[in-house]
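For reference, the structure discussed in these notes is given below.
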Amino acid sequence: MEVAAAPAQTLDAQAETLATPNGVLAPPAETMTPPVQVAQASPRQGVGLQTLVPSDPYMAGYPRPDPPSAPQYNPMPSDEVDCRAQLKRLKVQFVDLAPIRDGQCGIDHPVKISAIGSVQMKPAATLTCAMALTFAQWTKNELVPSARRRYLTGVKTIHQGSSYSCRKIARSRTLSEHGKGNALDIMRIELNSGRDIDVKKPGFFSFRQRGFLNNVRADGCQYFNTVLGPGYNYDHRNHFHFDIKERRANRVACH
Numbered sequence: 687m688e689v690a691a692a693p694a695q696t697l698d699a700q701a702e703t704l705a706t707p708n709g710v711l712a713p714p715a716e717t718m719t720p721p722v723q724v725a726q727a728s729p730r731q732g733v734g735l736q737t738l739v740p741s742d743p744y745m746a747g748y749p750r751p752d753p754p755s756a757p758q759y760n761p762m763p764s765d766e767v768d769c770r771a772q773l774k775r776l777k778v779q780f781v782d783l784a785p786i787r788d789g790q791c792g793i794d795h796p797v798k799i800s801a802i803g804s805v806q807m808k809p810a811a812t813l814t815c816a817m818a819l820t821f822a823q824w825t826k827n828e829l830v831p832s833a834r835r836r837y838l839t840g841v842k843t844i845h846q847g848s849s850y851s852c853r854k855i856a857r858s859r860t861l862s863e864h865g866k867g868n869a870l871d872i873m874r875i876e877l878n879s880g881r882d883i884d885v886k887k888p889g890f891f892s893f894r895q896r897g898f899l900n901n902v903r904a905d906g907c908q909y910f911n912t913v914l915g916p917g918y919n920y921d922h923r924n925h926f927h928f929d930i931k932e933r934r935a936n937r938v939a940c941h
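My numbering puts the first residue of the sequence shown at 687, with every later residue one more than the last.
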């Protein structure tokens, strides 16, 4: 019995399938994935800005800016928050100011008060909140009732001569409490009736005015740590100086 010879093309395909350099069976050439050809860059490829910053050549040579840092938040101390709440309860009109830095002078958390209830402050006074609160309590509890008793009218305006001011005590090297925002000078008091009461020492026969100013001075010593006015010295001949300077043993200077 004769076996028919296989066609030449079939034998060639089998030879391609079986024949490999190391004798391992391999699929036909037409079924193999051709190898990936890696292009070799030419010596001058990528020269210039495109090499430095391929995505944005216009930014070449400029450093990337750092991302913005989170803002520094300085929370207000709790005693300052509480002080402002008390000012609002007393109906004090005020605004918060930026910290004041002026050499050895300054205020960390200053306020500017323009009125205490219906009593105007002219000009508006820049103070620490503690001083503003003390002055507001004195105005409401002592000054206004005293004016009503003596003059049967209320207080319209307090005219102040100095609040915050970076300076030393006259003829000394000691920093004034004005330079810390803890002091206020009162020049005159305007009543609702239109009367102006000057703080300077009244005449001998000005009994009502003298009594009123004496009350203002005496009552102030219950609120402030320093009360100076006419008769103390020449510098205070025409105004009351109030401050909350801290002294040893809580000593009060009332003159």
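By construction, the Cβ of each residue, glycine as well, lies at the ideal position given by its N, Cα and C atoms.
This structure is a prediction, so every number in the text was calculated from the model and none was measured.
Under the criterion of beta carbons closer than 8 Å, Arg857 and His864 do not qualify as touching, at roughly 15 Å. Here Leu838 is exposed. Its C-beta has fewer than 16 other C-beta atoms within 10 Å. Assignment of beta-bridge partners to Ala869 by DSSP yields Asp929.
Per DSSP, Phe780 lies in no alpha helix (DSSP H); the unbroken beta strand (DSSP E) holding it starts and ends at Val778 to Asp782. Taking 8 Å as the cut-off, the beta carbon of Cys815 is found no closer than this to the beta carbon of Arg775. In the DSSP assignment, Leu914 falls within the beta strand (DSSP E) that extends over Thr912 to Leu914.
In the three-state reduction of the DSSP assignment, Val938 falls in the coil class, being assigned neither a helical nor a strand state. With contacts defined by Cβ atoms closer than 8 Å, His925 and Asp871 form a contacting pair.
According to the DSSP secondary-structure assignment, Asp921 is paired through a beta bridge with no residue. Note that the C-beta distance between Leu813 and Ile802 is not below 8 Å.
Taking 8 Å as the cut-off, the beta carbon of Val913 is found no closer than this to the beta carbon of Phe898. The three-state secondary structure of Pro796, taken from DSSP, is strand. By the Cβ test, the region 828-838 is not in contact with the region 778-790, since fewer than three Cβ pairs between them sit closer than 8 Å. Taking C-beta atoms as the reference points, Lys842 and Gln806 count as a pair closer than 8 Å. For Gly897, the uninterrupted alpha helix (DSSP H) segment begins and ends at Phe893 to Gly906. Counted as a single uninterrupted DSSP element, the alpha helix (DSSP H) harbouring Met817 occupies residues Cys815 to Trp824. Boundaries of the alpha helix (DSSP H) harbouring Arg835: Val830 to Tyr837, taken from the DSSP string.
For the pair Ser851 and Ala811, the CB atoms are not nearer than the 8 Å cut-off. The C-beta distance from Val885 to Cys907 rounds to 16 Å, too long to fall under 8 Å, and the pair is not in contact.
In this structure, Leu773 sits near Ala822, with a CB-CB distance shorter than 8 Å. Judged by beta-carbon spacing, Trp824 lies beyond the 8 Å limit of Tyr920, meaning their Cβ atoms are not closer than that value. When secondary structure is reduced to three states using DSSP, Arg857 falls in the coil class, being assigned neither helix nor strand.
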